[in-house]
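Numbering (the numbering used here), first residue to last: 3 to 192.
Structure (structure tokens):
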């Protein structure tokens with residue numbers, strides 16, 4: 003589920019900066035994979051700063067706890083407050099991952115699976131909910147994205163989808179608050 007992101011810098015840099023009133027600058031990666039660096043936004047976590055403003059941070063997508071056999075890239079929002087792996091981050095270290103979309107694959111009986119791009123129906127950025135984790139000395143912070151039950155658009159392709167935060171709810175999400183709406187999604191075979 004959601005193991006690849008679509009990052010189109012020109013669109014994201016301008017629109018994210020305008021919508022969220024923050025300086026945002028990412029680079030193109032039309033097929034961003036787990037273990038790669040992704041540009042995120044979260045409340046300033048610098049120990050040298052007392053400000054609570056929205057800041058850009060580069061983070062590695064995925065964590066690998068000692069007990070895990072593979073890289074963990076997603077957490078289910080429905081159980082994140084209950085699970086020890088996610089609980090502290092859910093309470094104290096939320097972030098958003100601006101992206102142009104994400105990909106899913108579906109077996110349609112051919113030689114290879116069909117790839118589908120999910121994006122905002124109005125061509126705007128999508129804001130995926132994420133949780134970040136403290137970096138080891140000299141390392142990048144790490145993150146996982148949150149998932150939820152698929153809506154009617156996504157359900158034919160996968161039973162889970164990213165937890166998407168509407169632009170108007172980004173601040174509330176980062177402050178551990180509630181959010182009320184999700185953007186309208188479109189899907190396209192690529």
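Beta carbons: idealized from backbone N, C-alpha and C, even for Gly.
Handout entry: Beta-carbon proximity of residue 156 to residue 8, cut-off 8 Å
Key = Working through the chain shown from its first residue, we reach residue 156 at position 154. Working through the chain shown from its first residue, we reach residue 8 at position 6. No, these two residues do not count as a Cβ contact at 8 Å.
Exercise for the section: Output the distance between the C-alpha atoms of residue 176 and residue 109, rounded to the nearest integer angstrom. Expected result: By one-based count along the chain shown, residue 176 stands at place 174. By one-based count along the chain shown, residue 109 stands at place 107. C-alpha separation (whole angstroms): 36 Å.
Exercise for the section: Under 8 Å Cβ to Cβ from residue 153, same chain only, skipping five residues before and after it: list those, please. Expected result: Numbered from its first residue, the chain shown carries residue 153 at position 151. Within the same chain, residue 153 has close Cβ partners 163, 184, 187.
Exercise for the section: Run the CB neighbour count on residue 136, radius 10 Å, all protein chains shown included, and call it buried at 16 or more, exposed below. Expected result: As a first step, residue 136 is located in the chain shown; it is residue number 134 there, counting from the start. Residue 136 should be labelled exposed.
Practice task
Please classify residue 170: is it buried, with 16 or more other beta-carbons within 10 angstroms of its beta-carbon, or exposed?
Solution key: Mapped onto the chain shown, residue 170 falls at position 168. Exposed, by the Cβ-count rule.
Practice task
Could you check what DSSP says for residue 56 in three-state terms: helix, strand or coil?
Solution key: Working through the chain shown from its first residue, we reach residue 56 at position 54. Strand, per DSSP.
Practice task
Classify residue 147 as buried or exposed, calling it buried when 16 or more other Cβ atoms lie within 10 Å of its own Cβ.
Solution key: Working through the chain shown from its first residue, we reach residue 147 at position 145. Classification of residue 147: buried, given that the 10 Å Cβ count is 16 or more.
Handout entry: Nearest-angstrom Cα separation, counted from residue 17 out to residue 126
Key = On the chain shown, residue 126 is found 124 positions in, with the first residue counted as 1. On the chain shown, residue 17 is found 15 positions in, with the first residue counted as 1. Residue 126 and residue 17: Cα-Cα distance of roughly 7 Å.
Exercise for the section: Determine the extent of the alpha helix (DSSP H) in which residue 107 is found, giving its start and end residues. Expected result: To locate residue 107, count along the chain shown from 1; it is residue 105. First-last for residue 107: 103-108, but that is the beta strand (DSSP E), not the alpha helix (DSSP H).
Handout entry: Inter-residue spacing [alpha-carbon to alpha-carbon] between residue 49 and residue 95
Key = The residue labelled residue 49 in the question sits at position 47 within the chain shown. The residue labelled residue 95 in the question sits at position 93 within the chain shown. Here the model assigns residue 49 a pLDDT of 48, short of 50, so the residue's position is not dependable, and the following value carries that caveat. Distance between the alpha carbons of residue 49 and residue 95: 14 Å.
Handout entry: residue 180 versus residue 113: straight-line alpha-carbon distance, rounded
Key = One-based indexing of the chain shown puts residue 180 at position 178. One-based indexing of the chain shown puts residue 113 at position 111. In a straight line, the C-alpha of residue 180 is about 44 Å away from that of residue 113.
Problem - Closest by C-alpha distance to residue 38, when choosing among 20, 10, 129, 75 - result: In the chain shown, residue 38 corresponds to position 36, counting from 1. The option with the nearest alpha carbon to residue 38 is 75.
Handout entry: Whether residue 132 touches residue 98 by CB criterion (8 Å)
Key = Within the chain shown, the letter at position 130 stands for residue 132. Within the chain shown, the letter at position 96 stands for residue 98. Yes, the Cβ-Cβ distance between residue 132 and residue 98 is below 8 Å.
Practice task
Under 6 Å Cβ to Cβ from residue 161, same chain only, skipping five residues before and after it: list those, please.
Solution key: The count along the chain shown starts at 1 and reaches residue 161 at position 159. Only 152 meet the Cβ criterion.
Problem - Cβ-based burial, residue 192 [other Cβ within 10 Å; buried from 16] - result: Translated into the one-based positions of the chain shown, residue 192 becomes position 190. So residue 192 counts as exposed.
Problem - Span of the beta strand (DSSP E) around residue 13 - result: Residue numbering aside, residue 13 sits at position 11 when the chain shown is read from its first letter. Unbroken run through residue 13 is the alpha helix (DSSP H), 11-22; no beta strand (DSSP E).
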